Each structure stands twice: as C-alpha cells, then as structure tokens.
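Asks: This is the structure I have questions about; it appears just below.
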Amino acid sequence: MAELRWYEWLDREAHPELKEAVLEALAQGVDAVRRIREERPRGEARSWEAAAWWADRRHLLLLALMGREGTISTLAAHMGMGVRMIYRLLEDWRLHYATFPLRAVAEAPSGELHDATILWNGERYVARVNGVEVPARWAYGWYLAGDPVRAYP
4 MAELRWYEWL DREAHPELKE AVLEALAQGV DAVRRIREER PRGEARSWEA AAWWADRRHL
64 LLLALMGREG TISTLAAHMG MGVRMIYRLL EDWRLHYATF PLRAVAEAPS GELHDATILW
124 NGERYVARVN GVEVPARWAY GWYLAGDPVR AYP
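Here it is in structure tokens:
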C-alpha cells in the first residue's frame, strides 16, 4: 500500500480512536479493499445490515481512501460503490475528508472570501487564489494565512 495521505482526512485529530484503528489495520497489513468487497452485505434488502457493517469498519474505508492509488472514483469502483456513497458515509460519521486539488471558498484574515484551489505541497495546505499561493489551514472551513496580493505590471 502506498504511503497514507493523512492530509486528506481533514479532522483526523478530532477522532483519535478511529485514527488509532486505521494505524492498527495498516500495521496488520489488512487488504482493506479486498476485505470490503468480500465481507460487506449487499442489496437493498440488507441495507440496515450493511450500515451496521460499515459502522464497525469505518477504519477500513479510511485506510483504503488514504492509501489509494489513482482517483477516489477508481477506489469506489473497486469497492463496488459510488463516489457519492463514500462521501455520504463520511458525512454520516461526521468525518471531513477531501481529495486534492480541491475547489473551495477560503476566508482571508480581512474577512474577504475567495474562490480558491486548495493543494497539499508535501508540508502544508496552500490556497491558490488568482494565481497567488497563500498558506491555508482547515478549521471546519478553509482559512488563508494572509490576504492574497496580486502583482500588477
């Protein structure tokens, strides 16, 4: 499995037990996608059973998401699920997850809102606003470390 993309799980520090479960599954070498495909209940008639199954194994979904190669769509297809289903599960669990680059509205210290593309540069989040890169942070919304300044000729 590739190096985990922890930065995509935005509120991981708010879920220490779940984060620990992901690390334990990684240490055990769990093949999350295979296990999900083999074990999860399928079919509309078993939807309640499936919901309970996911509730007990949300760490496997996070492990698969953060360790995936390619897009989230590729992972969803391997799991036999739609991308919307994955995001719905995360939302139901009150987990904030994002794939990058991400289009978002980010607030500058001045209070001004900007349409931004959020990136991970290997060390921190960066927002690109009108061609200018500004450090950004996630706090249940995107915030810029400074006001983007455009260079005029």
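Just so we're aligned, residue 4 is where the sequence shown starts under my numbering, counting upward by one.
Even for Gly, the Cβ is constructed at its ideal location relative to N, Cα and C.
In this text the structure is predicted, and so the values were computed from the model without any measurement.
Using the Cα positions of VAL135 and VAL86, report the straight-line distance between them to the nearest angstrom.
Replies: Those two C-alpha atoms are separated by around 31 Å.
Asks: Output the distance between the C-alpha atoms of GLU42 and HIS99, rounded to the nearest integer angstrom.
Replies: Spanning the two alpha carbons is a distance of roughly 25 Å.
Asks: Taking the C-alpha atoms as reference points, what is the distance between TYR155 and ASN133?
Replies: With a pLDDT of 49 at TYR155, under the threshold of 50, the modelled position of this residue cannot be trusted; read the value that follows with caution. Between TYR155 and ASN133, the C-alpha separation is close to 12 Å.
Asks: Between the C-alpha atoms of MET4 and LEU13, what's the straight-line distance to the nearest angstrom?
Replies: The pLDDT assigned to MET4 is 47, lower than 50, so where the model puts this residue is not dependable, and the model offers no usable value.
Asks: Quick check on this structure: which residue in GLU16, ALA79 and LEU122 has the alpha carbon closest to the alpha carbon of ARG40?
Replies: Residue ALA79 is the option with its Cα nearest to ARG40.
Asks: Do you know whose CA, among HIS62, GLU115, GLU16 and PHE103, lies nearest LEU92's CA?
Replies: Residue HIS62 is the option with its Cα nearest to LEU92.
Asks: Grab me the residues of TRP56's own chain with a C-beta within less than 8 Å of its C-beta, minus the 5 sequence neighbours each way, in chain order.
Replies: The answer, listed in chain order, is GLU42, ARG43 and PRO44.
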